[in-house]
Amino acid sequence: MRVIKQILIYLLWYLVALFLGFLHMRIMLGPQPEYNDGILSIFNWVYEAALIVSTSIMGSIIAVLFILFDLFYLRKKLSGKPHHLITRLAVMVVIALIVIGFHYLHDFIFNVV
Numbered sequence: 437m438r439v440i441k442q443i444l445i446y447l448l449w450y451l452v453a454l455f456l457g458f459l460h461m462r463i464m465l466g467p468q469p470e471y472n473d474g475i476l477s478i479f480n481w482v483y484e485a486a487l488i489v490s491t492s493i494m495g496s497i498i499a500v501l502f503i504l505f506d507l508f509y510l511r512k513k514l515s516g517k518p519h520h521l522i523t524r525l526a527v528m529v530v531i532a533l534i535v536i537g538f539h540y541l542h543d544f545i546f547n548v549v
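Numbering-wise (our numbering), the sequence shown opens with residue 437 and increments by one.
Written as structure tokens, this is what we have:
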């Protein structure tokens, strides 16, 4: 039962990481363009596909890094502390900012992506 509870908790953290990835990609891609004319409406699909794929990739990277950091470091340090949830959320935001920084460097500075 303890393992199932831990898996569900990490699933919730994974959803938070997906939300952070979605927030980042929504800021990067900007608002959805309005194409209502015939063949140009395919760009709506391209925008949605790019948003879903990039969000899932960014969120998964953030989640994997957070879960590994939580398993090997945070659980030992935060056991019995009253503000462990806020600390974990702050750590996830910091990891998200680091991943976003690497994405920015590779996308705009090094022109790799």
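Just so it is clear, CB atoms sit at the ideal spot from N, CA and C, and this is done for glycine as well.
Asked, Found
"Between the CA atoms of Gln468 and Ala478 - distance to the nearest angstrom", "It should be noted that the sequence gives Ile, not Ala, for residue 478. Distance between the alpha carbons of Ile478 and Gln468 is about 12 Å."
"Own chain, CB closer than 7 Å to Leu461, minus 5 neighbours either side, in chain order", "Reading off the sequence shown, one finds Met at residue 461, where the question assumed Leu. Once the five neighbours on either side are set aside, the close Cβ partners of Met461 are Leu487, Ser490, Thr491 and Met494."
"Close Cβ partners of Asn480 (< 6 Å) along its chain, the five nearest in sequence each way excluded", "Tyr471"
"Supposed contact pair Ala532 and Ile498 - C-beta distance, whole angstroms, cut 8 Å", "5 Å"
"Exposed unless 16 or more other CB atoms sit within 10 angstroms - verdict on Gly516", "exposed"
"For Tyr509, the three-state DSSP class (helix, strand or coil)", "helix"
"Cα-Cα separation between Ile545 and Phe458, rounded to whole angstroms", "22 Å"
"Where the alpha helix (DSSP H) containing His460 begins and where it ends", "Arg438 to Leu465"
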